[in-house]
Amino acid sequence: MIISLIAAMDLNRAIGYKNQLPWKHLPADWDNLKKVTAGKKMIMGRRSYESPDRLWSEAGNVVITRQPDYQTDKGFLVADTLEKALQLVGDVDEIFILGGEEIFRISLPLADRIYLTIVKGTFQADAFFPEFIVSDFQIIQHDDHQADSENPYDYTFIIYERK
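For the record, in the sequence shown the residue sitting at position 18 is 18 according to the UniProt record's numbering, with numbers rising by one throughout.
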């Protein structure tokens, strides 16, 4: 199984503020995320699940929480550790981990790929993507984009693959 992290962060690694994205809607990022994760199962933390910016997959989803008897919508399973979440996912070719900060931190050592959108700006934040050793990965895709009438910020899509 390929374990892929997928996130958008600003130039200071910010990924969230008050359980929402810290920047205005960036449609190109959402379109890219939906394209890349289509048909794949997803793992997310409880706060990401509760976010108004939540994504989910029709293929299946697992929410990681320490809260016993946590209730979710139909199509979501619950696990109390990343290891149990990965077991619940089953035998798949690729799983996407959507965050948040703590889930990214504990899953980063297992990551085979990292799909990052870099939003070219700095924003008020209380959640950050963890630092990682870039030399452990190779960049297999790097696409720069300029702000336009629908996307208010310059942004870059980068895909890292573990060496």
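Where a beta carbon is used, it is the ideal one built from N, C-alpha and C, also for glycine.
Minimum Cα-Cα distance from N32 among the listed residues I139, S149, A7, S48 corresponds to A7.
In the structure shown, the three-state DSSP call for Y153 is coil. Between I43 and A111 a beta carbon distance of about 12 Å is seen, past the 8 Å cut, so the two are scored as non-contacting.
Counting of Cβ neighbours within 10 angstroms places L11 among the exposed residues, the total staying below 16. The straight-line gap separating the alpha-carbon atoms of Y70 and S48 is approximately 14 Å. Take the alpha-carbon of I3 and the one of G39: they are about 15 Å apart. Taking 7 Å as the cut-off, the beta carbon of K41 is found no closer than this to the beta carbon of V78. Residue environment: I133 is assigned as exposed (fewer than 16 neighbouring CB atoms within 10 Å of its CB, all protein chains considered). About 4 Å separates the CB atoms of A127 and E101; that is less than 8 Å, so the two are in contact. Secondary structure at I133: coil, using DSSP grouped into helix, strand and coil. When the five nearest sequence neighbours on each side are left out, the beta carbons in the same chain lying within less than 7 Å of the beta carbon of G99 are those of A7, I15, M44, G45, S48, in order along the chain. Bounds of the alpha helix (DSSP H) holding T37 are 27-37.
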